[in-house]
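**Q**
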């Protein structure tokens, strides 16, 4: 019995030694937390390309997977110029998260949470992606330069409503932007949003060919006509860069030698025919604006950042829209229904100047829309 008791005590001693070793291992906090960090670092990041099926991906990111990969390839090198910081969100995921943020399909905080970042970091990412995209605007947002390009654009408009000489249609949209403070925290709701006026020139294929962005306070812009008068596109027409060609505008603009608007009160059949042709030919511009704002819902909401940041974002969204139109991206329904845009700028009230400029339009109507000329064009 005595020997058996000694053996039992020896077993207990061995157990105490093993427990002590385990205790020392668990109390070594440095090694313990280091192991935890290694384990956390090896966790797979969220990857929309593999984690979402095609339909859900298009709903969230506004493009097909194939087309978004093309966008990433176009701007990835410019995004990776800066040195990679510790724990930085991968470049591909930055581009994806920015486009999803601009899509406006969910609350901004949910978009940030989905990509594992704070809203403040999300705003920084969108500003960075917008800056890179907007730097490429001259390649994707431009009026036709060669004679063949100009003729092709004119034919595409003429095929719609049998209206000759048209090389573009002008539309305006006002976008809200809300400045953020130095810590990138969003301003309180008591602070009023600022506004940015955008002027678009669209073609018959729903692409944005020219973009002008200004603040309402700049040169006291109060009407769409005042903004057009200050725009680069008007200056280019005055310099005869598009000699013999015209732009179309809606009733919120003033008729001029290069910009034709509908006749407010048609007096004869030729003016009725002109108005009908104008409405048909102007329709692609309305559809272009509607498709653009449906794809990027943030345009109907609020952009976060300064005026310059908002300009870069709108330019980036116009560029992304043109890419989608060029690649015929099917993620946004391109139905035949065209809803009229809600006016966001006041019409011109200068009736005297309007009467003077109407002479060019009357001459145009007489040349192309008298009954005899219309019959010849149809033949």
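In the numbering used here, the protein residues as written are 2 to 380.
We put the beta carbon where it would ideally sit given N, CA and C, even for glycine.
#1: To the nearest angstrom, report how far apart residue 225 and residue 210 are at their CA atoms.
#2: Can you tell me where the beta strand (DSSP E) with residue 202 in it begins and where it stops?
#3: So what's residue 209 in DSSP terms, helix, strand or just coil?
#4: What is the rounded straight-line gap between the Cα of residue 247 and the Cα of residue 176?
#5: What separation, rounded to the nearest whole angstrom, lies between the Cα atoms of residue 212 and residue 306?
#6: Could you pull out every residue in the same chain whose Cβ sits closer than 8 angstroms to the Cβ of residue 278, ignoring the five residues on either side in sequence?
#7: Please determine, among 360, 52 and 259, the residue with the shortest C-alpha to C-alpha distance to residue 238.
#8: Which partner residues does residue 215 have in the DSSP bridge list?
#9: Would you mind working out which of 125, 48, 94 and 208 sits nearest residue 320, comparing C-alpha positions?
#10: Excluding the 5 residues flanking residue 131 on each side, which residues of the same chain have their C-beta closer than 6 angstroms to its C-beta?
#11: Going along the chain, which residues of its own chain have a beta-carbon closer than 8 angstroms to the beta-carbon of residue 243, five neighbours each way excluded?
#12: Can you look up residue 142 in the DSSP assignment and give me helix, strand or coil?
#13: Contact check, residue 229 vs residue 249 under 8 angstroms by CB: the rounded distance?
#14: State the Cα-Cα distance for the pair residue 189 and residue 311, rounded to the nearest angstrom.
#15: What is the residue span of the beta strand (DSSP E) that residue 169 lies within?
#16: Please name the residue or residues paired with residue 247 in a DSSP beta bridge.
#17: Please determine, among 173, 363 and 256, the residue with the shortest C-alpha to C-alpha distance to residue 1.
#18: What residue range does the beta strand (DSSP E) around residue 69 cover?
#19: Starting from residue 275, follow the alpha helix (DSSP H) in both directions and report where the run begins and ends.
#20: Contact defined as beta carbons within less than 8 angstroms: I believe residue 126 pairs with residue 95. What is the distance between those atoms, to the nearest angstrom?
#21: Determine the direct distance from the alpha carbon of residue 113 to that of residue 91, and round the result to whole angstroms.
#22: Can you tell me whether DSSP reads residue 62 as helix, strand or coil?
**A** Based on what the coordinates show:
#1: 18 angstroms
#2: 195-203
#3: strand
#4: 27 angstroms
#5: 20 angstroms
#6: 162, 163, 164 and 370
#7: Looking at the Cα atoms, 259 is the closest of the given residues.
#8: 198
#9: 208
#10: Answer for residue 131: 313, 314 and 317, listed in chain order.
#11: 144, 151, 168, 237 and 259
#12: coil
#13: Going by Cβ atoms, the distance from residue 229 to residue 249 rounds to 12 angstroms, so no, they are not a contact pair.
#14: Summary for residue 189: the model assigns pLDDT 44, below 50, so the residue's position carries little reliability; its value from the coordinates is reported in the next sentence. Answer to the nearest angstrom: the Cα atoms are 18 angstroms apart.
#15: 167-179
#16: 167
#17: Outside the displayed span of the chain (2 to 380) sits residue 1, for which this structure offers no information.
#18: Careful: residue 69 lies outside any beta strand (DSSP E), inside the alpha helix (DSSP H) at 66-80.
#19: 270-296
#20: Their Cβ separation, rounded to whole angstroms, is 5 angstroms, which keeps residue 126 and residue 95 in contact under 8 angstroms.
#21: 14 angstroms
#22: helix
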